[in-house]
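The structure appears right after this line, and notes come after that.
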Amino acid sequence: MLATVSAIAWGMDGFTSAALGGIVNVVAGGVYGWRAAQGSNGTAGDALRTMMRAEAFKILLIVIQLWLVLAFYRDIVLVAFFAAFVVTVGVFAAAIAVRDTEVNQTSRPAGGQ
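Sequential numbering from 1 applies to the sequence shown in the numbering used here.
As structure tokens, then:
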């Protein structure tokens with residue numbers, strides 16, 4: 001959506017900038033998920049260590065990607081790039097807070113609570 005709006009406002013460079021801003025977080029989030037899934041099924045401490053390593057790797061990947069885009073894409077539209085980046089950060093952060101409100105009737109306790 002932001003890429004389309006940016007294309008209207010700034011042309012192809014706006015579209016590309018917004019797309020790159022969103023892709024940075026999508027790629028980092030995907031790598032985070034892949035890395036977190038590589039953990040062992042040991043203790044809670046093992047799971048926490050795996051998640052922390054995956055998060056550190058995600059942050060490092062974001063920094064590297066930001067540097068690469070800003071260093072090599074000369075016609076970047078900064079407003080579009082950072083707007084898309086910030087929106088995708090917010091979407092990924094908000095996804096944690098979303099709760100599934102649909103209740104599976106077969107999984108309810110016998111008391112109906």
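By construction, the Cβ of each residue, glycine as well, lies at the ideal position given by its N, Cα and C atoms.
- Along the segment 55 to 95, the alpha helix (DSSP H) does not occur as any fully enclosed run of 4 or more residues.
- Of all C-beta pairs linking the segment 3 to 15 to the segment 58 to 70, fewer than three are shorter than 8 Å, placing the two stretches out of contact.
- Residue environment: A80 is assigned as buried (16 or more neighbouring CB atoms within 10 Å of its CB, all protein chains considered).
- Counting every other CB atom within 10 Å of its CB across the protein chains shown gives I62 a total of 16 or more, marking it as buried.
- For the pair of segments examined, the segment 72 to 89 was found to touch the segment 14 to 32: the number of CB pairs separated by less than 8 Å reaches three.
- Each of G30, Y73, R49 and I23 was checked against the Cα of V86, and the nearest Cα belongs to I23.
- Taking the Cβ atoms as the reference, M51 lies roughly 6 Å from A36, within the contact range of under 8 Å.
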